[in-house]
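Working notes, structure below.
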Amino acid sequence: MAETLLIVFVILVLLGMPIGFALGAGTLAAASLYPALNPIIIPTRLVGLLSDSFIILAAPLFILAGNIAARGGIARAIIDLATVLVGRFRGGLAYVNIVDSMIFGGISGSAVADVSALGTFLIPQMVRKGYDKDFATVLTICTAILAPIVPPSIIAVLYAWLADESVAAIFAGGYLPGLLIALGMAVPTFVIAKRRNYPREPRPTLRSAAEAFGRALPGLMIPVIIMGGILAGVFTPTEAAAVAVVYALVVPPLFYRELRWRELPEIFADSARLSGVIGIIIGMVGAFGWVLTYSKFPLRVAAALTSVAPTWWIFLALAIVLYVFLGTFLTPSEILLITVPVLL
Numbered sequence: 000m001a002e003t004l005l006i007v008f009v010i011l012v013l014l015g016m017p018i019g020f021a022l023g024a025g026t027l028a029a030a031s032l033y034p035a036l037n038p039i040i041i042p043t044r045l046v047g048l049l050s051d052s053f054i055i056l057a058a059p060l061f062i063l064a065g066n067i068a069a070r071g072g073i074a075r076a077i078i079d080l081a082t083v084l085v086g087r088f089r090g091g092l093a094y095v096n097i098v099d100s101m102i103f104g105g106i107s108g109s110a111v112a113d114v115s116a117l118g119t120f121l122i123p124q125m126v127r128k129g130y131d132k133d134f135a136t137v138l139t140i141c142t143a144i145l146a147p148i149v150p151p152s153i154i155a156v157l158y159a160w161l162a163d164e165s166v167a168a169i170f171a172g173g174y175l176p177g178l179l180i181a182l183g184m185a186v187p188t189f190v191i192a193k194r195r196n197y198p199r200e201p202r203p204t205l206r207s208a209a210e211a212f213g214r215a216l217p218g219l220m221i222p223v224i225i226m227g228g229i230l231a232g233v234f235t236p237t238e239a240a241a242v243a244v245v246y247a248l249v250v251p252p253l254f255y256r257e258l259r260w261r262e263l264p265e266i267f268a269d270s271a272r273l274s275g276v277i278g279i280i281i282g283m284v285g286a287f288g289w290v291l292t293y294s295k296f297p298l299r300v301a302a303a304l305t306s307v308a309p310t311w312w313i314f315l316a317l318a319i320v321l322y323v324f325l326g327t328f329l330t331p332s333e334i335l336l337i338t339v340p341v342l343l
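So the sequence shown is numbered by numbering that gives the first Met the number 0: it starts at 0 and just counts up by one.
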């Protein structure tokens, strides 16, 4: 049964079918070929999974908050602050790119929002200052992976839900890996900037630094409110996401004056489209995982891994290889939704 599901799923993905529909088609094929399974269970599992999980509501709300922040002037204020902090070093705008992604990741939680918000401003600015366009583009794409790691993170919400872990604990555990990854990116950036003699930004005055910090402070309060409220037990992650949306709606008109109210329908539509894609995948993965569990596939995988990887470090090495391979054609959320129910 599980073999039929996986074969149909892989074939459809290779043919270009969207992941969510490929999962659904594979699940339906497996259920139809085995009389013990009633195909009517599939839509029941799909809808039931989405309606029974309150925490999943945090994902679309964080997406909406990130999109509002990206269009509302918060991203530009964060760029100005990062320029003050690290712009004076050789290749300063490259370091600004890294720092921006760490800070903005704490607001949006989405790599897509990070690229669309920061890339719009930073890539043209870096090219004008003499940076190679390919370097600026690749750096912006690479630093965007910080957004799903530094809390609040949509990926962390999905993992906590799948693994039945504390969202607050997963969020708190994201800061150190995010910092280490940022430092890891800064090392090759330092070497490339020195070799290509990329420019420095002017050393800021105390007044300009204070102005940049004051302008960025309202936006910087978003992750403070979210994480402070969650860790203090004031509100749940889903409630924190709702607070972030309200705050992101209020701050730009008051402090940045870049968000026009007529832009909100487009922002809501973009957020709804991305949230809809995630919702479809989550629902399909619920049915997908149920069929795999029914066929005892996770137990067979666990037995196989135990024989191949008798120690934890071998298992981690194999898992890393698997995730690198899957990352060549699947998004992080898709990889999590497919592999976590099996590997855990």
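Glycine included, every Cβ here is placed at the ideal spot set by N, Cα and C. Only a predicted model underlies this, so the values are computations on that prediction, with no experimental measurement involved.
Simplified DSSP assignment, three categories, for residue i
i    : result
M16  : coil
K128 : coil
I148 : coil
A301 : helix
L343 : coil
P309 : coil
F103 : helix
T119 : helix
R256 : coil
T139 : helix
D269 : helix
D163 : coil
S294 : coil
T327 : coil
S274 : helix
G108 : coil
G183 : helix
I173 : Here residue 173 is Gly; the residue named in the question, Ile, does not match the sequence. Reduced to three states, the DSSP call for G173 is coil.
Residue i classed as buried or exposed, judged by whether at least 16 other C-beta atoms fall within 10 angstroms
i    : result
W312 : exposed
W289 : buried
T142 : buried
A74  : buried
S306 : exposed
F296 : buried
R70  : buried
P147 : buried
P187 : exposed
L216 : exposed
A181 : buried
F345 : Since the displayed the chain opens at 0 and closes at 343, residue 345 lies outside it and no answer follows.
A303 : exposed
T204 : exposed
A240 : buried
Nonlocal neighbours in the same chain, by C-beta distance under 6 angstroms from residue i, ignoring five residues either side
i    : result
A159 : V166, I169
S270 : I62, L63, N66
G118 : T139
G105 : V149, P222
L325 : I334
V12  : A21
R214 : A76
Sequence-distant residues of its chain with Cβ nearer than 7 angstroms to residue i (five each side left out)
i    : result
P198 : K128, G129
A308 : F314, L317
V126 : K132, A135
A185 : Y94, I97
E262 : R70
A192 : R89, G90, A93
L56  : T237
I277 : A58, S332
V284 : L22, L336, I337
Close-in-space but distant-in-sequence residues of the same chain around residue i (CB under 8 angstroms, 5 per side omitted)
i    : result
L178 : M101
V137 : none
V244 : L60, L63, A64, I67
Chain C contact for residue i (CB, 9 angstroms cutoff)
i    : result
V245 : The chain labelled as chain C is not found in the depicted structure, where only one protein chain is given.
Mind pulling the alpha helix (DSSP H) runs of 4 or more residues that sit fully within the stretch 21–93? 40–50, 57–70, 73–85
Kindly provide the ranges of any alpha helix (DSSP H) runs that are 4 or more residues long and lie completely inside the stretch 189–241, ordered along the chain. Unbroken alpha helix (DSSP H) runs of no fewer than 4 residues, entirely contained in the stretch 189–241, are found at 205–230, following chain order.
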